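Novice: To get the working numbering, take the position in the sequence shown, counting from 1, and add 123. One structure, as structure tokens, below. Some questions next.
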Amino acid sequence: MYKTKLCLGLSSSFSLPYEQQIRTLRQIGFEGFFTGWSREADIACYRRIAKEEGLLYQSIHAPYTRMNLLWEPSEETADMLAELIECLRACAENDVPLMVAHPYIGFERHDPTPEGAARFETVVREAQRLGVKIALENTEGQEYLATLMAHFRGEKAVGFCWDSGHEMCYNRSEDMLALYGDRLLGTHLNDNLGVRDYTGKITYLDDLHLLPFDGAANWEDNMCRLNRAHFDGPLTFELTTLSKRGHHENDAYARMDPVEYLTLAYARACRLAMLRQQLLTNSGE
124 MYKTKLCLGL
134 SSSFSLPYEQ
144 QIRTLRQIGF
154 EGFFTGWSRE
164 ADIACYRRIA
174 KEEGLLYQSI
184 HAPYTRMNLL
194 WEPSEETADM
204 LAELIECLRA
214 CAENDVPLMV
224 AHPYIGFERH
234 DPTPEGAARF
244 ETVVREAQRL
254 GVKIALENTE
264 GQEYLATLMA
274 HFRGEKAVGF
284 CWDSGHEMCY
294 NRSEDMLALY
304 GDRLLGTHLN
314 DNLGVRDYTG
324 KITYLDDLHL
334 LPFDGAANWE
344 DNMCRLNRAH
354 FDGPLTFELT
364 TLSKRGHHEN
374 DAYARMDPVE
384 YLTLAYARAC
394 RLAMLRQQLL
404 TNSGE
């Protein structure tokens with residue numbers, strides 16, 4: 124039986140200062156959270172409030188808008204790698220055990236190279252030194268994830284973060300847990316409507332980060348697969364109240380009071396945790 128903590132990623136879309144979001148999550152019932160990282164982010168402040176509220180600071184999400192430079196080097200590549208290392212150090216200094224990282228950003232290229240994976244070795248070595256783990260997320264360009272996971276096979280500092288929504292749209296519903304569930308370190312749980320372009324073209328417009336059960340996800344199957352991976356960490360959710368430009372899927376969330384929305388998010392998280400436990404009980408494990 125899993126005693127599951129429920130965590131939620133903080134988001135500017137929730138229209139509350141991060142400090143207030145952390146305290147509100149605690150009041151509602153969440154047991155942890157994650158944040159993004161930037162050179163301006165006050166990670167120490169978030170950690171202090173987490174301690175005051177008795178919450179788990181589950182992970183820090185590394186910057187990802189330049190991750191293509193790992194594979195397509197430019198004069199900015201060194202600074203991109205430096206940011207990843209600074210994020211790792213922020214994790215270590217604030218007792219955050221996990222950094223989540225994207226392997227790539229972009230839709231057009233599909234040509235990972237051994238040189239790109241080798242560049243990431245400097246980041247992994249720093250993670251080893253600091254005692255922080257790196258969870259590589261399934262995003263667009265899953266060839267890049269496959270290359271890094273193969274390159275660092277057997278490396279305890281490197282594992283997998285399963286984004287259930289990315290799997291549906293960016294990975295065309297390929298079973299990412301079947302590939303990497305044995306190295307699972309964290310989750311980003313969210314819903315969407317799958318790939319909706321009739322030609323099958325993948326774009327960022329389908330990555331909606333809806334509340335669970337508001338999209339097309341088969342959550343019974345998702346939780347069965349998560350159980351087969353024997354994952355005993357927190358169920359962590361990554362959600363937004365903002366629709367993509369020119370679209371409206373998340374508009375109903377944006378009209379809600381922030382506390383009302385976060386309360387609904389907690390109710391959906393509890394529903395998912397209960398479903399997972401029921402499936403585990405029914406399986407006899």
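Virtual Cβ for every residue (Gly too), placed ideally from N, Cα, C. Just so it is clear, the structure is predicted and the values come from calculations on it, not from any experiment.
(1) Evaluate residue 181 with the Cβ neighbour count: other Cβ atoms within 10 Å of its Cβ, from every protein chain shown; 16 or more gives buried, anything less gives exposed.
(2) Just the Cα atoms here: how many angstroms apart are residue 372 and residue 398?
(3) Going by DSSP in three states, residue 279 sits in which element: helix, strand or coil?
(4) Would a C-beta distance cut-off of 8 Å place residue 293 and residue 325 closer than the cut-off?
(5) Which runs of the alpha helix (DSSP H), 4 residues or longer, sit entirely within the stretch 226–296?
(6) Smallest Cα separation from residue 205: which of 186, 156, 217?
(7) Does DSSP put residue 224 in a helix, a strand or coil?
(8) Taking 8 Å as the threshold (C-beta atoms), are residue 275 and residue 247 in contact?
(9) Report yes or no: do the stretch 165–180 and the stretch 211–222 share at least 3 C-beta pairs separated by less than 8 Å?
(10) Where does residue 124 fall in DSSP's three states?
(11) DSSP state of residue 329, grouped into three classes?
(12) Could you tell me the boundaries of the alpha helix (DSSP H) in which residue 349 lies?
(13) Between the Cα of residue 334 and those of 361, 236, 343, spot the shortest distance and give me the residue it belongs to.
(14) For residue 192, collect the residues of the same chain with a Cβ closer than 6 Å to its Cβ; drop the 5 residues on either side in sequence, then sort them by chain order.
(15) Taking the alpha carbon of residue 261 as the reference point, which residue from 307, 132, 379 has its own alpha carbon closest?
(16) Check whether the stretch 342–359 touches the stretch 379–390, counting contact only when three or more Cβ pairs, one atom from each stretch, lie closer than 8 Å.
(17) On the premise that residue 154 lies in contact with residue 178, defined as a C-beta separation below 8 Å, what is that separation, rounded to the nearest angstrom?
(18) The alpha helix (DSSP H) that contains residue 193, what's its start and end?
(19) Cutting at 6 Å between CB atoms, please list the residues of its own chain near residue 239, excluding the five before and the five after it.
(20) Please go through the same chain and pick out, in chain order, the residues whose beta-carbon is closer than 7 Å to the beta-carbon of residue 176, but skip the five residues on each side of it.
(21) How many whole angstroms separate the CB atoms of residue 163 and residue 211, which I take to be in contact at a CB cut-off of 8 Å?
(22) Buried or exposed: where does residue 141 fall if 16 or more other Cβ atoms within 10 Å of its Cβ makes it buried?
(23) Taking the straight line between their C-alpha atoms, what separation do you get for residue 353 and residue 402?
(24) So for residue 180, helix, strand or coil by DSSP?
(25) Between the C-alpha atoms of residue 327 and residue 288, what's the straight-line distance to the nearest angstrom?
(26) Around the C-beta of residue 165, are 16 or more other C-beta atoms found within 10 angstroms, so that it is buried, or is it exposed?
(27) Return yes when the Cβ of residue 299 is within less than 8 Å of the Cβ of residue 285, no when it is not.
(28) Taking only three categories from DSSP, how would you classify residue 207?
Specialist: According to the data block:
(1) So residue 181 counts as buried.
(2) The C-alpha of residue 398 is placed about 25 Å away from the C-alpha of residue 372.
(3) In the structure shown, residue 279 sits in coil (DSSP, three-state: anything other than H, G, I, E or B).
(4) Contact flag set, yes.
(5) Complete alpha helix (DSSP H) runs here, min 4: 237–253, 265–274, 287–292.
(6) The shortest C-alpha separation from residue 205 is found at 186.
(7) Residue 224 falls in the strand class under three-state DSSP.
(8) In terms of Cβ geometry, residue 247 and residue 275 form a close pair [threshold 8 Å].
(9) Short answer: they touch.
(10) Unreliable placement is indicated for residue 124, whose pLDDT of 46 sits below 50; no coordinate value is reported for it.
(11) Residue 329: helix per DSSP, three-state reduction.
(12) Start and end: 342–351.
(13) When the alpha-carbon of residue 334 is set against those of 361, 236, 343, the nearest one is in 361.
(14) Scanning its chain for C-beta atoms nearer than 6 Å, with the 5 sequence neighbours on each side dropped, one finds around residue 192 the residues 199, 200, 203, in chain order.
(15) Out of 307, 132, 379, 307 has the C-alpha closest to the C-alpha of residue 261.
(16) Cβ pair count under 8 Å is below three, so no.
(17) With 8 Å as the limit, residue 178 and residue 154 qualify as a contact, their Cβ atoms being about 6 Å apart.
(18) Element bounds for residue 193: n/a, residue is neither H nor E.
(19) Answer for residue 239: 193, 194, listed in chain order.
(20) Closer than 7 Å at the Cβ level, and outside the excluded window around residue 176, lie 145, 146, 149.
(21) Rounded to whole angstroms, the Cβ separation of residue 163 and residue 211 is 17 Å, and the two are not in contact under 8 Å.
(22) Per the 10 Å Cβ criterion, buried.
(23) Their Cα atoms are separated by approximately 13 Å.
(24) The answer is strand: DSSP assigns residue 180 an E or B state.
(25) When only Cα atoms are considered, residue 327 and residue 288 end up about 11 Å apart.
(26) When all chains shown are included, residue 165 counts as exposed.
(27) The beta carbons of residue 285 and residue 299 sit closer together than 8 Å.
(28) Residue 207: helix per DSSP, three-state reduction.
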